[in-house]
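To keep things clear, I will list the structure first and then write my remarks on it.
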Amino acid sequence: MFNARRLAPSDGNVFTDFPRNRSGATAIEYALIAGIISLGIVAGAGALGTAVQTTYDGVATTVGNASK
46 MFNARRLAPS
56 DGNVFTDFPR
66 NRSGATAIEY
76 ALIAGIISLG
86 IVAGAGALGT
96 AVQTTYDGVA
106 TTVGNASK
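Residue numbers for the sequence shown follow my numbering, so the first one is 46 and each next one is one higher.
Written out as structure tokens, the structure is:
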């Protein structure tokens, strides 16, 4: 695909070339989105794990009391 920005002349100055350089910006954005989603999954799994633990503790107590 043709990219006119790559053909644009550069004056060699890092400070003036940096704002025009967009390579890698999309990859960084996707990495940030993936990181946020991962944090949500970890937080949700932690909350779900606590709920499941509470449920199994209740079941274990009930079964333990019934077998006495």
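Where is the CB? At the ideal position from N, CA and C, for every residue including glycine. Predicted model, so just to flag it, every value in this text is computed and none were measured.
- Cα atoms of L84 and A90: separation of roughly 10 Å, rounded to the nearest angstrom.
- The three-state secondary structure of G103, taken from DSSP, is helix.
- If you draw a straight line from the Cα of A111 to the Cα of I78, it is about 49 Å long.
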